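In what follows, a single structure is set out as structure tokens and then discussed.
There are 2 protein chains.
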Amino acid sequence: MVRQIYDVLGLGNAIVDVIARAEEDFLLKERVRKGAMHLIDERRAEHLYAVMGPATIVSGGSAANTIVGVAELAGRTAYIGKIKADDVGRIFAHDLRATGVHFATRAATNGPATAQSFIFITPDGERTMNTYLGACLNLTSEDVDEMTVRASAIIYLEGYLWDPPAAKKAFVKASHIAHAADRRVALTLSDPFCVDRYRTEFLQLIRTGMVDIIFANERELKSLYQTADFATAVDALRCENVLGVVTRSEHGSLVVTREATTAVPATPIERLVDATGAGDLFAAGFLVGLARGADHTTCARIGAIAASEVIQHIGARPQTNLHNLMAENGLA
Amino acid sequence: MVRQIYDVLGLGNAIVDVIARAEEDFLLKERVRKGAMHLIDERRAEHLYAVMGPATIVSGGSAANTIVGVAELAGRTAYIGKIKADDVGRIFAHDLRATGVHFATRAATNGPATAQSFIFITPDGERTMNTYLGACLNLTSEDVDEMTVRASAIIYLEGYLWDPPAAKKAFVKASHIAHAADRRVALTLSDPFCVDRYRTEFLQLIRTGMVDIIFANERELKSLYQTADFATAVDALRCENVLGVVTRSEHGSLVVTREATTAVPATPIERLVDATGAGDLFAAGFLVGLARGADHTTCARIGAIAASEVIQHIGARPQTNLHNLMAENGLA
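Line by line, the protein sequences are chains A and B. Each number in the working numbering corresponds to the 1-based position in the first sequence with 112 added. Each number in the working numbering corresponds to the 1-based position in the second sequence with 112 added.
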């Protein structure tokens with residue numbers, strides 16, 4: 113067995129976020145569904161940038177945000193995702209490596225540009241994403257380095273990987289290698305509409321034992337089980353053979369196993385500025401807890417604190433030393 | 113006389129900020145003087161980016177920050193500054209225009225890249241800047257559009273313009289045109305070390321009537337008059353034939369004229385996150401007040417509120433609707 117080097121390895125779409133405030137009217141005018149992630153082409157990306165307000169540019173990508181959160185919590189991390197060797201790709205790679213994340217995926221030298229997501233923050237703090245996948249479309253199973261997967265205690269995969277067609281194979285390959293090495297595999301459902309697109313496949317991943325841990329928010333879980341009733345969805349999740357972690361914004365989270373469902377409250381905040389990255393950072397905290405062998409309630413508490421930091425400023429990457437923040441809360 | 117179209121026209125170095133948190137040790141190791149603005153070359157820029165932490169990218173530039181603040185306060189604005197037609201330049205231009213600023217300076221198609229400032233935020237919220245001037249070195253008096261200057265009630269010039277050699281002429285040309293059109297000219301002293309570099313010239317600008325309004329913080333004012341005693345510096349400023357506006361961080365501001373010196377308190381804040389842009393946004397609020405014919409105390413109150421917004425998040429551009437913020441404070 114390969115020696116464990118990393119607590120968590122993330123596999124996801126490598127994206128840089130371009131974030132601006134927007135009024136509700138703007139979303140209506142641009143016909144974007146509030147709170148969702150929309151896939152857009154290059155032309156639409158150019159249009160949205162032209163009409164959007166002054167922007168803040170911060171690296172993003174769901175699994176990458178999580179991995180950076182784990183690294184900021186002093187976890188050892190690695191990331192696999194596809195950028196192009198362009199200015200935006202350089203920003204993405206810099207921000208990962210500057211946080212101490214091992215990132216060695218070969219950058220594409222031709223083909224589409226590094227992915228960008230144009231994110232609109234409405235006055236209520238909700239984020240609406242418009243993602244140009246660009247270079248992410250070129251992630252293949254060849255990019256999954258076997259040694260890195262085998263050296264990681266937990267592999268964290270994002271549901272969004274189902275959007276670029278070739279990435280599924282990378283996902284499946286990573287899961288197989290991980291399980292052969294006796295590692296755990298976690299999946300985040302990413303987005304209710306993403307679940308809509310790939311419901312059958314996600315349920316298959318869960319039921320064939322391809323994933324061991326599921327992260328979902330309330331809307332994603334309801335979408336997975338096609339029910340409007342949250343309790344019904346939680347019941348369905350309880351019957352799967354996975355560890356389920358369900359986030360509910362200000363209502364906290366639920367940890368769902370066959371044996372028990374545990375509710376953990378959210379961390380109170382002063383002001384919701386930008387919800388981008390809330391779920392990603394919750395997952396980061398939870399995974400760090402798991403990697404250290406903490407009980408599920410403690411894992412969820414670490415997740416809640418990490419999430420509370422990232423939603424009080426613009427951007428899905430932490431701006432405060434998360435490790436110190438945990439220490440202040442007696443959790444470091 | 114040309115009809116007034118703009119409340120404030122800004123002329124300055126067009127810069128995009130790359131901002132990261134850093135410990136005090138890091139500044140020592142990299143030999144950068146805390147709180148100052150350092151001029152760096154391309155090689156040093158590459159080095160600093162390589163060693164700096166994960167970054168947030170936001171448009172900056174002292175006078176540009178001020179102009180965006182004025183625009184966010186519903187003032188009519190224009191800006192003159194030099195970018196290159198590259199990715200970073202596109203970001204700078206987008207962010208100005210997206211705020212409604214008239215920005216028509218021709219972008220350079222060759223020569224050095226658009227300017228970037230690598231800014232380190234220490235845990236105390238102080239910012240230390242390392243600026244690669246790049247394309248700013250190509251700003252010349254030809255870039256000063258006479259009609260735009262004549263159409264602006266106040267011309268706002270940054271002392272940093274003395275760094276790129278050709279920009280001085282642009283500065284002087286703008287001042288001459290403005291005064292010939294019976295407009296007012298404001299100068300910010302920018303930085304105590306900038307004052308050190310150009311003290312004689314700045315004093316000459318003041319004493320030959322080239323500028324009518326001076327913005328300075330405490331350290332810049334002391335540097336201008338080469339005194340360690342603040343009262344002595346204020347006395348010296350009072351004897352000049354200008355409207356003096358002196359900012360003192362949490363101690364508020366002083367409005368200094370021959371007739372009176374008025375102290376206005378700072379706006380209380382919850383937490384100082386990043387001091388970048390504090391002076392720029394104070395100037396924005398003050399200038400908006402002046403343009404609307406408000407008394408000096410009201411001008412300084414608007415400035416204090418605008419400054420308080422920008423120091424509670426990363427980046428020198430507002431993230432809240434400043435106009436609403438003023439309305440909440442009975443100042444819109």
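Cβ coordinates follow ideal geometry from the N, Cα and C atoms, glycine included. Since this is a predicted model, take the numbers as computed values, not measurements.
- Within the same chain, Cβ atoms closer than 8 angstroms to the Cβ of L355(B) are found at D324, I325, I326, V367, V368, T369, H408, the five residues on either side in sequence being excluded.
- If you draw a 10 Å sphere on the C-beta of H425(B), you find 16 or more other C-beta atoms in it, and that means buried.
- Apart from sequence neighbours up to five positions away, the residues of its chain that approach G427(B) with a beta-carbon distance below 8 angstroms are D129, I131, T168, V170, G172, D386, T388, G389, ordered along the chain.
- Among the residues of chain B, those whose CB is under 9 angstroms from the CB of H206(A) are Y161, A162, M164, P166, A167, following chain order.
- Sequence-ordered contacts of the stretch 413-432 of chain A with chain B read H425, I426, G427, R429, Q431 [C-beta pairs closer than 8 angstroms].
- Contact annotation: the stretch 416-424 of chain A does not touch the stretch 369-383 of chain B, with fewer than three C-beta pairs closer than 8 angstroms.
- For S171(B), the closest Cβ of chain A is nearer than 8 angstroms.
- The secondary-structure analysis by DSSP pairs M241(A) across a beta bridge with M149(A), I231(A).
- The alpha-carbon of E158(A) is positioned some 19 angstroms away from that of K196(B).
- For a Cβ distance threshold of 9 angstroms, residue set D198, D199, V200 of chain A lies close to D199(B), ordered along the chain.
- For the pair of segments examined, the stretch 240-259 of chain B was found to touch the stretch 283-290 of chain B: the number of CB pairs separated by less than 8 angstroms reaches three.
- For the 8 angstroms CB-CB criterion, L245(B) and L399(B) do not form a contact.
- Considering only G147(B), E184(B), L123(B), H291(B), the residue with the shortest C-alpha distance to P166(A) is E184(B).
- Take A348(B), set aside five residues on each side of it, and the residues of its chain with a beta-carbon closer than 7 angstroms to its own are Y337, in chain order.
- DSSP links V297(A) through a beta bridge to I267(A).
- Taking C-beta separations shorter than 6 angstroms and ignoring five residues to either side along the sequence, the partners of E332(B) in its chain run L301, P304, V307, following chain order.
- Around the Cβ of E382(B), a 10 Å sphere holds fewer than 16 other Cβ atoms; the residue is exposed.
- Its chain contains R133, R239, D386 as the residues whose beta carbon lies nearer than 6 angstroms to that of I233(A), once the 5 sequence neighbours on both sides are disregarded; these appear in chain order.
- Cα atoms of R360(A) and A176(A): separation of roughly 21 angstroms, rounded to the nearest angstrom.
- Across the set I231(A), L121(A), G223(A), the C-alpha of I231(A) shows the shortest separation from the C-alpha of M164(A).
- One thing to note: Y118(B) has its Cβ no nearer than 8 angstroms to the Cβ of A219(B).
- F394(B) places its beta carbon less than 8 angstroms from that of S365(B).
- Taking a beta-carbon distance threshold of 8 angstroms, A225(A) does not count as an interface residue toward chain B.
- In this structure, D153(B) is the residue among D153(B), N441(B), H435(B) with its C-alpha nearest to the C-alpha of T243(B).
- Proximity of T211(B) to chain A, defined by a Cβ-Cβ separation below 8 angstroms, is satisfied.
- The CB of V144(A) never comes closer than 7 angstroms to any CB in chain B; the least such distance is about 17 angstroms.
- Within the stretch 303-334 of chain B, the alpha helix (DSSP H) runs of at least 4 residues that lie entirely inside it are, in chain order, 304-319.
- Within the stretch 175-186 of chain A, those residues whose Cβ lies closer than 8 angstroms to any Cβ of chain B are, in chain order, V180.
- Listed as beta-bridge partners of H214(B) by DSSP are A190(B).
- For V180(A), the enclosing alpha helix (DSSP H) begins and ends at 174-184.
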